[in-house]
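**Q** Numbered according to my numbering, the sequence shown spans residues -5 to 301.
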Amino acid sequence: MSRNILITGGTGFIGSRLTDRWLAQGHSVTILSRRPLAAVKRWNRRVQSVSALDELRDARFDTLVNLAGEGIADARWSEARKQILRDSRIRLTESLVQWSVRSGQKYDVVLSGSAVGYYGAFPGSASPELTESSPAGKDFAARLCQDWENVAQGFGMTTQRLVVLRTGLVLDAGGGMLERMRLPFLLGLGGPIADGRQVLSWIHREDYCKAVDFLLESQLSGPVNMTAPNPVSNAGLTRALARALHRPAFLPAPAFALKLLLGEMSELLLKGQKVIPGKLLAADFPFSYADTDSAMEAIFSSRDTKG
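#1: Output yes or no for whether 9 Å exceeds the beta carbon distance between A33 and S43.
#2: DSSP state of E211, grouped into three classes?
#3: So V226 and T161 are supposed to be a Cβ contact under 8 Å. How far apart are they, rounded?
#4: Tell me whether the stretch 187 to 196 and the stretch 234 to 241 touch, counting them as touching only if at least three CB pairs, one residue from each stretch, are closer than 8 Å.
#5: Can you tell which of L138, K132, R176 has its C-alpha closest to the C-alpha of P242?
#6: Looking only at its own chain, which residues have a Cβ that is under 6 Å from the Cβ of L47, when we skip the five neighbours before and after it?
#7: Is V91 closer than 9 Å to T152 when the C-beta atoms are compared?
#8: Rounded to the nearest angstrom, what separates I84 and S108 at their Cα positions?
#9: In chain order, what are the residue ranges of uninterrupted alpha helix (DSSP H) at least 4 long that sit wholly in the stretch 111 to 184?
#10: Hey, could you find the ends of the beta strand (DSSP E) I78 is sitting in?
#11: Take every Cβ of the stretch 247 to 258, pair it with every Cβ of the stretch 70 to 78, and state whether three or more of those distances are shorter than 8 Å.
#12: Which of the three DSSP states, helix, strand or coil, is assigned to A247?
#13: At the level of alpha carbons, what is the spacing between F281 and R137?
#14: Using a 10 Å radius around the Cβ and a threshold of 16 neighbouring Cβ atoms, would you call H198 buried or exposed?
#15: Beta carbon of L163, beta carbon of S106: below 9 Å?
#16: Please state whether DSSP places G216 in a helix, a strand or coil.
#17: Could you spell out where the alpha helix (DSSP H) holding I293 opens and where it closes?
#18: Which residues mark the beginning and the end of the beta strand (DSSP E) in which T2 is found?
#19: In terms of alpha-carbon separation, which member of S89, R29, T87, D102 lies closest to E211?
#20: For G63, decide whether its Cβ has a neighbour in chain E, counting only Cβ atoms nearer than 9 Å.
#21: List the whole-angstrom C-beta distance separating P246 from P178, where the pair is believed to meet the contact cut-off of C-beta under 8 Å.
#22: Would you say V110 and A146 are within 9 Å of each other, going by their C-beta atoms?
#23: Taking its Cβ as the centre, do 16 or more other Cβ atoms sit within 10 Å of N60, making it buried, or is it exposed?
#24: Who pairs with S106 in a beta bridge, going by DSSP?
#25: According to DSSP, is K273 part of a helix, a strand, or is it coil?
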């Protein structure tokens, strides 16, 4: 079925790959972006892009994918930065809900963003296995996700099927956390963070995009953990990256230095959560990259990793 898709965050690390896939599949894609001309140029006018919802006038969409949000690890969490993180998720989603109701949209499905931070963060290996039914945490990232998800419930007025994407660490070349880690490792300066025991719930970007397409066509609804089935310790991820890059990984980043440098945001690196993709596994979603070794090999095999 050819879809008419409205996406926010369509030029980002995940959204741009989704847009590529959807165009190749023959779908129509409209991107809500702060830089609409750049989006149109990137895809050679094969997408429509607007900077404001009111520009869409009488447009009708059968699919909404809401991924927009400032990068949570892009800057230290000052009070001003926290407000930016909230506004870029919650206020935008509120605006989308209001516009969708006002313009009479009737979506077949809405996919709206969240993150595994919903469950809170746990030190070392202390995290229990967390499924979609696990309770929410209480730290800033958890409250941010809860508020974002609560606002997204308003889409229930416009669709019979709302899916909330609780996204883990998305791995691929060209962006995200992995790209930030790559240069220090190539220089021989890589290593685990603190003692490396904190658990990371991750997913290869290709599996993420495949899972989004799977969710569009399935009957799943509610929260869905967008993670690979095998969470890994920070030390385990570090070793997998070092092997893929043929580099050592002996220089740990001390916890006290990260706390001093990043403040409250250091919890993103020093703690973690062991999230299991219960709904995707129960639905027999076919993960291509279930472990970090296969993911890293796929990511870096086509790149010049010798520096």
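C-beta: ideal position from N, C-alpha, C; glycine also. A quick note: this is a predicted structure, and the numbers were derived from the prediction, not measured.
**A** In brief:
#1: For A33 and S43, yes; Cβs fall inside 9 Å.
#2: DSSP, read as helix, strand or coil, puts E211 in helix.
#3: That belief does not hold up - the Cβ atoms of V226 and T161 are roughly 16 Å apart, past 8 Å.
#4: With the cut-off at 8 Å, the stretch 187 to 196 and the stretch 234 to 241 do not touch.
#5: Here the closest residue by C-alpha is R176.
#6: Same-chain partners within the cutoff: W93.
#7: In this structure, T152 sits near V91, with a CB-CB distance shorter than 9 Å.
#8: Annotation: I84 to S108 spans about 10 Å, alpha carbon to alpha carbon.
#9: For the stretch 111 to 184, the continuous alpha helix (DSSP H) assignments of 4+ residues that do not extend past its boundaries occur at 134 to 146, 170 to 180, in sequence order.
#10: Not the beta strand (DSSP E): I78 falls in the alpha helix (DSSP H), residues 73 to 80.
#11: By the Cβ test, the stretch 247 to 258 is in contact with the stretch 70 to 78, since at least three Cβ pairs between them sit closer than 8 Å.
#12: If DSSP states are grouped into helix, strand and coil, A247 belongs with the strands.
#13: Taking the straight line joining both Cα atoms gives about 30 Å.
#14: Answer is buried; the Cβ neighbour count reaches 16.
#15: Taking 9 Å as the Cβ cut-off, L163 and S106 do not qualify as a contacting pair.
#16: Assigned with DSSP and collapsed to three states, G216 falls in strand.
#17: Unbroken alpha helix (DSSP H) run through I293: 286 to 294.
#18: Note, T2: beta strand (DSSP E), -2 to 2.
#19: Of the candidates S89, R29, T87, D102, the one whose C-alpha sits nearest the C-alpha of E211 is D102.
#20: Of the protein chains in this structure there is only one, and it is not chain E.
#21: That belief does not hold up - the Cβ atoms of P246 and P178 are roughly 12 Å apart, past 8 Å.
#22: Pairing V110 with A146 gives a Cβ-Cβ distance that is not under 9 Å.
#23: Result: buried.
#24: For S106, DSSP records a beta bridge to N60, V158.
#25: Three-state DSSP puts K273 in a helix.
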